[in-house]
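Protein chains in written order, with my numbering: chain A, 400 to 738; chain B, 8 to 403.
Even for Gly, the Cβ is constructed at its ideal location relative to N, Cα and C.
Predicted, not measured: the structure shown is a model, and the values here were computed from it.
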Amino acid sequence: MNWPDFVLATIFVPLIAFIVSTWVPGIMRKIQARIQQRIGPPVLMPGFWAVLKFMYKERIKPVSPLPRLFHSIPLIGIVLMFFIILLTNPEWDGVLGLTTLVALAGLIKVEETLYIVMGNLSDNIMSVRMPYPDLVSGSVMKAKVRRNFEKISVTRAFKLITVGSFPLYLGLFVPAVVAGSIGIMSIAKYQGFEIADFTLRGMYEMNPLILTVPGFIGAIAYFAGYLVILNEYPFSIMHTKADVIEGPTMEYASVSRAGYYLMREITMFVMSSVFVTLYFGIPPTLNLAMVPHIILAMILPVLAAIASAFSPVLTFRQVYPLSLGFSALGVIGVIVAIL
Amino acid sequence: MADTDRKDRAEYEVPLGIVHSALLEPFRTRLFVDDETVVDAEITYDSAHRGIERIMEGMPVQKGLIITERICGICSHIHLWNGTRMVEQGLGIEVPQRAHHIRVIGNELERIHSHLLFLGHAFEILGHETFSMRCFMLREPVQNILFFLSGNRVHYTISVIGGIRPRADIDKEKRRTLLGMLNSLEEGCKNFANRALKDSLIVSRIKEIGYLSKDDAVKYGALGPNLRASGVCEDVRTRVSEYSNFDFDIIVYDGGAVLDRVACRVFEVLESIKIIRQALETLPDEEPMNVDFEIGEMGFSTSYNEAARGEIYDSCALDESGRIKNYINRTPSMSSISAMEVSCIGDHLTDASLIIASCDPCLTCTNRITVVDENKGREYVLGPDEIRSMTRRRRI
């Protein structure tokens, strides 16, 4: 291991990811606005200026049994995402044996679970904490247990973890089957990536997995899972405005809301970055490869913006069959890869 | 299902409102849920009481009728028209045919913008921002047409006793422009209907949910497009003499689901355009206002008409100086909302707010039925059946 490069990569790769990710929500919003024949916000507004604005808002004490833990969850999410992008970095290859798809899948799973913790630690005022019981005269059901929106969202988050995000994990393992290794760098090298002699011209000589049949099928499954992980339309039932409004994140205000925004936009970029590493074979690294990596990492957010602009929120009546369909596609990708 | 069975099945309650992002107006919904499936619902709407009927008591009728327009910002024209019509019928005032045509044009334009507003709101609840925006973009020219016709985008004040306001009269130039505007509106609406009702994702969300059977629709008093979407061919316009000169179809769907309520309104928009076009093309060449009448004592008079949301009813009497006595205005949302309590049972929690919104509730129209008993110091809300019986007995 080259220690100076390792330290530099550990500092600068997450930093670059952080800076680029502040652009991602703006790009998505701009695309959606154009589809809707609107001008849309300035590109830096939703991802950067909105975050800055929230940092200067009045701090509100959340209604939560463990407010400090509740506040720190976005930070935990951000750190997890930084770890994920570092695991895909060539300088980290082999560190403690962590740079495998198994570690990656585990960290993504933890990220998903954060929403369950969030929801369980939040009790907004819009439901159970009314100052007096709202038992309307003549009601058939008096004194029923009232459940607040966050708790309903927790159930939904759990359902999404168990069923919804399954295509993402299948999408993660299709490249492993093709490359015959669960090592992230092995998968990149299988596609022709060499950190020492990476040039833009050399990039054309690479054989990205996405251009193969199993790779393409796996990429579709990964994209569906990407939408689920982001709770983006059409899979945003966890925080649909029709009933649970903001879901688990309802009590986040001011700095905490800024933290949540950052967590969300970094997740958008990092999950896309993982896709570029696995399917294009170009990992995030502190050399020329970072440029095509960042450009290609915008593909999934752009596609997500288009998909969400043309989709309604789906309930579990549609989510289950859709997820099943994309999972089946992922399995087909694995089978084709084996063959 | 028996009440006790439902109570046993309900795992917990989800209260939506009075303030909620899915609700445009204040009302409270209690959803009783078993694993995110609604097993019972209870809707309470008494949060925006303004006492409009009480304000009108004792007012000169011309002044009082203007207040009827303020009942609602969406269907303001029909409130004023129906109130004016009631007084004209009660006093035997003749109204020129030209004024009838222009009143019909106003009502149909209002129906179009009301239905497009509904569609925009429904797609917003569905989470389909693009289609929601598209509905509002389609609605904008309708607002422009109303502005062009009356001088206002909201509260047009077209009808006055004896005819219409002179500023709402339509000359030849105005007629040609309006016909041109209608053509582009019709094309936009057709394209939108074609696109939205064939979108498989949208249809999967709204098909077979919020089922309201024909019997339940009649039993709970659903009105307007909500009733017609459940297979009942009922439209007050067929009994309103002002509409007798126009050829139009009554859109009836027998599915009774949200899809049918949406589709019914989409195609009613096209029918309304058809009526407006006929009214413009056959506009009689005469004065739009009859000033030869006197306001005086009037017995109890009533008038029914078809608002965008369904049947609307106005009644009052006038004293010898032409002041209003016992004004009653009944709007369609009241009973349609009650019908939605039944139709969201058995559906997913997320669908419930869409189902309730699919009856196109208008709470500013409806919230005038809270009864405050000062002697007993209590406050209660009347159900649809009580309202009907008390209306017949003239107790409110």
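Name the two residues that bound the continuous beta strand (DSSP E) containing residue i.
i                  : result
Tyr-334 of chain B : 331-337
Leu-38 of chain B  : 35-41
According to DSSP, which residues form a beta bridge with residue i?
i                  : result
Asn-312 of chain B : B:Ile-319
Thr-499 of chain A : A:Gly-582
Thr-357 of chain B : BP columns for Thr-357 of chain B are empty, so no partner.
Glu-49 of chain B  : B:Arg-37
Leu-325 of chain B : B:Met-305 and B:Ile-331
Gly-170 of chain B : B:Val-167 and B:Met-296
Arg-545 of chain A : B:Glu-20
Pro-691 of chain A : DSSP lists no partner for Pro-691 of chain A.
Pro-67 of chain B  : B:Arg-330
Thr-44 of chain B  : B:Asp-41 and B:His-355
Can you give me the Cβ contacts of residue i inside the same chain, cut-off strictly under 6 angstroms, excluding the 5 residues immediately before and after it?
i                  : result
Ser-322 of chain B : Thr-309 and Ile-335
Ala-48 of chain B  : Leu-38, Glu-348 and Cys-351
Met-517 of chain A : Ile-472 and Pro-647
Glu-301 of chain B : none
Ala-359 of chain B : Leu-38, Val-45 and Cys-351
Val-735 of chain A : Val-612 and Pro-613
Thr-36 of chain B  : Leu-23, Gly-24 and Ile-50
Ala-408 of chain A : Asn-488, Glu-490 and Leu-685
Arg-16 of chain B  : Asp-41 and Val-46
If you drop the 5 nearest sequence neighbours on each side, which residues of the same chain put their C-beta closer than 7 angstroms to that of residue i?
i                  : result
His-128 of chain B : Leu-31 and Ala-364
Ile-609 of chain A : Phe-615, Ala-618, Tyr-678 and Phe-679
Asp-292 of chain B : none
Ile-85 of chain B  : Asn-114, Glu-117, Asn-312, Ala-314 and Ile-319
Ala-504 of chain A : Tyr-568 and Leu-571
Asn-630 of chain A : Met-637 and His-638
Val-239 of chain B : Lys-221, Ala-224 and Val-225
Ile-258 of chain B : Arg-235, Cys-271, Phe-274, Glu-275 and Glu-278
Between which two residues does the alpha helix (DSSP H) holding residue i run?
i                  : result
Ile-112 of chain B : 104-133
Tyr-19 of chain B  : Looking at the DSSP string, Tyr-19 of chain B is not in any alpha helix (DSSP H); the run it does join, the beta strand (DSSP E), is 19-23.
Val-675 of chain A : 653-678
Pro-720 of chain A : 715-737
Met-93 of chain B  : 83-98
Ala-175 of chain B : Run containing Ala-175 of chain B: none; DSSP gives neither H nor E here.
Trp-491 of chain A : It is not in any alpha helix (DSSP H) - Trp-491 of chain A carries neither H nor E in the DSSP assignment.
Ile-619 of chain A : 612-629
Met-444 of chain A : That residue, Met-444 of chain A, is in no alpha helix (DSSP H); it is neither H nor E in DSSP.
Ala-270 of chain B : 265-288
Pro-413 of chain A : 402-420
Gly-425 of chain A : 423-434
Cys-372 of chain B : 370-373
Comparing C-alpha positions only, which one of the options sits nearest to residue i?
i                  : options                                       : result
Leu-356 of chain B : A:Thr-421, A:Val-712 and A:Gln-590            : A:Val-712
Met-341 of chain B : B:Gly-329, B:Glu-318 and B:Ala-359            : B:Glu-318
Ile-59 of chain B  : B:Lys-332, B:Val-225, B:Pro-368 and B:Ser-343 : B:Lys-332
Leu-189 of chain B : B:Ala-286, B:Ile-62 and B:Ala-315             : B:Ala-286
His-122 of chain B : B:Cys-372, B:His-27, B:Pro-368 and B:Thr-373  : B:Pro-368
Ala-595 of chain A : A:Gly-732, A:Met-667, A:Leu-571 and A:Glu-490 : A:Glu-490
Gln-104 of chain B : B:Glu-115, B:Met-296, B:Asn-382 and B:Asn-233 : B:Met-296
Gln-435 of chain A : B:His-135, B:Leu-370, B:Gly-158 and B:Lys-181 : B:His-135
Thr-421 of chain A : A:Val-673, A:Met-667 and A:Val-501            : A:Met-667
Phe-417 of chain A : A:Ile-705, A:Phe-482 and A:Glu-650            : A:Phe-482
Leu-559 of chain A : A:Asp-642, A:Glu-511, A:Ile-524 and A:Phe-725 : A:Glu-511
Met-689 of chain A : A:Leu-513, A:His-470, A:Asn-519 and A:Ser-672 : A:Ser-672
Leu-626 of chain A : A:Leu-465, A:Ile-426, A:Ala-706 and A:Leu-599 : A:Ala-706
Pro-466 of chain A : A:Leu-513, A:Tyr-651, A:Val-643 and A:Phe-447 : A:Tyr-651
Phe-411 of chain A : A:Leu-629, A:Leu-485 and A:Met-697            : A:Leu-485
Thr-289 of chain B : B:Phe-130, B:Ser-139 and B:Lys-179            : B:Lys-179
Thr-338 of chain B : B:Ser-166, B:Glu-147, B:Gly-71 and B:Glu-76   : B:Glu-76
Lys-214 of chain B : B:Cys-366, B:Val-247, B:Val-269 and B:Leu-185 : B:Val-269
Which same chain residues end up closer than 8 angstroms to residue i when comparing Cβ atoms and leaving out the 5 residues on each side of it in sequence?
i                  : result
Arg-528 of chain A : Here the model assigns Arg-528 of chain A a pLDDT of 46, short of 50, so the residue's position is not dependable and the matter cannot be decided.
Leu-2 of chain B   : Residue numbering for chain B in the displayed model covers 8 to 403; residue 2 of chain B lies beyond these limits and cannot be assessed.
Run the proximity test for residue i: is its beta-carbon closer than 7 angstroms to any non-hydrogen atom belonging to the ligand MG?
i                  : result
Asp-256 of chain B : The ligand MG is not among the ligands present in this structure, which contains no ligands whatsoever.
Against chain B: residues of the region 631-645 of chain A by CB proximity under 9 angstroms:
Tyr-632, Pro-633, Ser-635, Ile-636, Thr-639, Lys-640, Ala-641, Asp-642, Val-643, Ile-644 and Glu-645
Given a limit of 8 angstroms on CB to CB distance, which residues of the region 703-729 of chain A reach chain B?
Ala-708, Phe-709, Ser-710, Pro-711, Val-712, Leu-713, Thr-714, Phe-715, Arg-716 and Gln-717
Residues from the region 338-366 of chain B in contact with chain A, defined by Cβ distance under 8 angstroms:
His-355, Leu-356, Thr-357, Asp-358, Ala-359, Ser-360 and Leu-361
Just by C-beta distance, which residues in the region 204-215 of chain B are closer than 9 angstroms to chain A?
Asp-206, Leu-208, Ile-209, Ser-211, Arg-212 and Ile-213
Residues, ordered as in the chain, of the region 121-138 of chain B that lie near chain A by beta-carbon distance below 7 angstroms
Ile-132, Leu-133, Gly-134, His-135, Glu-136 and Thr-137
Note down, in chain order, all residues in the region 433-450 of chain A with a beta-carbon under 9 angstroms from any beta-carbon belonging to chain B.
Ile-434, Gln-435, Gln-436 and Arg-437
Which residues of the region 166-196 of chain B have a Cβ closer than 9 angstroms to any Cβ of chain A? Give them in chain order.
none
Quick one: which residues of the region 28-39 of chain B get their C-beta closer than 9 angstroms to a C-beta of chain A? List them in chain order.
Ser-28, Ala-29, Arg-35, Arg-37, Leu-38 and Phe-39
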